[in-house]
Amino acid sequence: MRCRLILGSDLIELEIRRHLAPAVAGKLKRILPVDSFAFKKGSSLFVKLDLGIGGTRNVDEFVRGDLFYDLLQEALGIALSDASASSSQIKVGRVEGGIQTAESVVGVTPVRLAPSSGS
292 MRCRLILGSD
302 LIELEIRRHL
312 APAVAGKLKR
322 ILPVDSFAFK
332 KGSSLFVKLD
342 LGIGGTRNVD
352 EFVRGDLFYD
362 LLQEALGIAL
372 SDASASSSQI
382 KVGRVEGGIQ
392 TAESVVGVTP
402 VRLAPSSGS
């Protein structure tokens with residue numbers, strides 16, 4: 292499932308891969324579009340989304356551009372650099388375009404997560 296993270300006039304193209312996290316993909320598909328806010332913490336950009344799900348299929352590390360859901364932050368995350376994953380993070384997909392936009396976020400920024408055209 293492809294979706295867009297819209298930050299003002301900038302876009303980040305995301306691909307949610309259902310086989311990596313079926314519960315996350317299913318819940319996102321049902322709630323999109325949704326307005327939220329983004330913030331940076333460490334080497335990741337987070338978009339606050341309480342999906343009310345538990346974790347499965349945890350991973351050990353992320354590479355730049357990986358998309359994950361953090362159960363403790365209740366947020367969708369984008370890895371901005373290679374990093375170790377915590378036990379509360381589930382890989383859910385990849386950034387397909389606009390990683391530079393994610394890296395340029397400063398402070399708390401309003402965002403909209405919406406399905407891509409044709410999804």
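Position one of the sequence shown corresponds to residue 292 (our numbering), numbered consecutively onward.
Glycine is no exception: its CB is placed at the ideal position from the N, C-alpha and C atoms.
_Out of 328, 361 and 391, which one is the CA nearest neighbour of residue 315?_
When the alpha-carbon of residue 315 is set against those of 328, 361 and 391, the nearest one is in 361.
_Going by DSSP in three states, residue 365 sits in which element: helix, strand or coil?_
Residue 365: coil per DSSP, three-state reduction.
*With C-beta atoms as the reference, is residue 404 less than 9 Å away from residue 296?*
Taking 9 Å as the Cβ cut-off, residue 404 and residue 296 qualify as a contacting pair.
*asked:* Within a Cβ cutoff of 7 Å, which residues of the same chain sit near residue 385, ignoring the five residues on either side of it in sequence?
replied: Within the same chain, Cβ atoms closer than 7 Å to the Cβ of residue 385 are found at 306, 356, 357 and 358, the five residues on either side in sequence being excluded.
_Three-state class that DSSP yields for residue 321 in the structure shown_ = Secondary structure of residue 321 (DSSP, three-state): helix.
*Measure from the alpha carbon of residue 326 to the alpha carbon of each residue in 407, 408 and 401, then state which is nearest.*
Put simply, of 407, 408 and 401 the residue whose alpha carbon is nearest the alpha carbon of residue 326 is 401.
*May I ask you to report which of helix, strand or coil DSSP gives residue 303?*
Strand at residue 303.
_Start-to-end residues for the beta strand (DSSP E) that takes in residue 381_ = Its beta strand (DSSP E) spans residues 380-388.
*asked:* Output needed for residue 368: all residues of its chain with C-beta closer than 6 Å, excluding positions within five of it in sequence on either side, in chain order.
replied: Take residue 368, set aside five residues on each side of it, and the residues of its chain with a beta-carbon closer than 6 Å to its own are 335, 337, 359 and 361, in chain order.
*Where does the unbroken beta strand (DSSP E) through residue 355 begin, and where does it stop?*
Counting along the chain, residue 355 falls outside any beta strand (DSSP E), and DSSP gives it neither H nor E.
*asked:* So for residue 399, helix, strand or coil by DSSP?
replied: Residue 399: coil per DSSP, three-state reduction.
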